[in-house]
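Shown next, in structure tokens, is the structure this report addresses.
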Amino acid sequence: MKLILTADVTGLGGPGDIVEVKDGYGRNYLLPRGLAIVATKGAAKQVEVIRRAQETRRVRDLDHAKEIKASLEGLGSVTLKAKAAAGSKKLFGSVTSSDVVSAVRAAGGPTLDKRAVEIAGHIKTLGKHSVNVRLHPEVTVSLSVEVANAL
């Protein structure tokens, strides 16, 4: 089955890539999640639109990624407010990558793509947690996030 990827898929490719996958993988995983579209003549024209949109979000180059890394490291620990039960360290929900991006922005850091933020497991407790930000295939920065009670 020939598909055009609309998002980064680990081990397969990036947005705009035309890939050949097994029918079941494409039909049951990639297509329902919106990670790919079926490759047709009309969809081939959309590849250019997808690539242009991705380029605007992508970090320009390695030097730009290193600049962003330096600014993130300069922030130190980023504080994020979340609701937790009184007298308990458990959160009512969990911290998402969007929450981390908005906390970095509020702390005076650069605007990040939420898909670049990699949270190991789920953050469901108050305290300090480590989060990785993948800025470029060669540049990854570890960011310290402190979750504080908002109540």
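Residue numbers 1 to 151, in full-length UniProt numbering, belong to the letters of the sequence shown in order.
From the three backbone atoms N, C-alpha and C, an ideal C-beta is built for every residue, glycine too.
The structure displayed is predicted, hence computed values, not measured ones.
| Asked | Found |
| --- | --- |
| Kindly list the residues whose CB is nearer than 6 Å to the CB of A13, restricted to its own chain and excluding five residues on each side of it in sequence; keep chain order. | According to the sequence displayed, residue 13 carries Gly and not Ala. If we look at G13 and ignore the five residues flanking it on each side, its Cβ neighbours are L5 and V19. |
| Between D113, H122, A44 and K45, which has its C-alpha nearest G93's C-alpha? | H122 |
| Could you tell me which uninterrupted alpha helix (DSSP H) segments, each at least 4 residues in length, are contained entirely in the region 32-90, listed from first to last along the chain? | 41-57 and 62-75 |
| Would you tell me roughly how many angstroms separate the C-alpha atoms of L35 and D63, rounded to the nearest one? | 29 Å |
| Can you give me the start and stop residues for the alpha helix (DSSP H) that V131 sits inside? | First-last for V131: G127 to H136, but that is the beta strand (DSSP E), not the alpha helix (DSSP H). |
| Can you tell me which of the three DSSP states G24 falls into? | helix |
| Are the Cβ atoms of A148 and T40 separated by less than 8 Å? | no |
| Indicate whether the contact test is met: 3 or more Cβ pairs, each with one atom in the region 71-78 and one in the region 100-110, closer than 8 Å. | yes |
| Measuring straight from C-alpha to C-alpha, what distance separates I37 and G24? | 14 Å |
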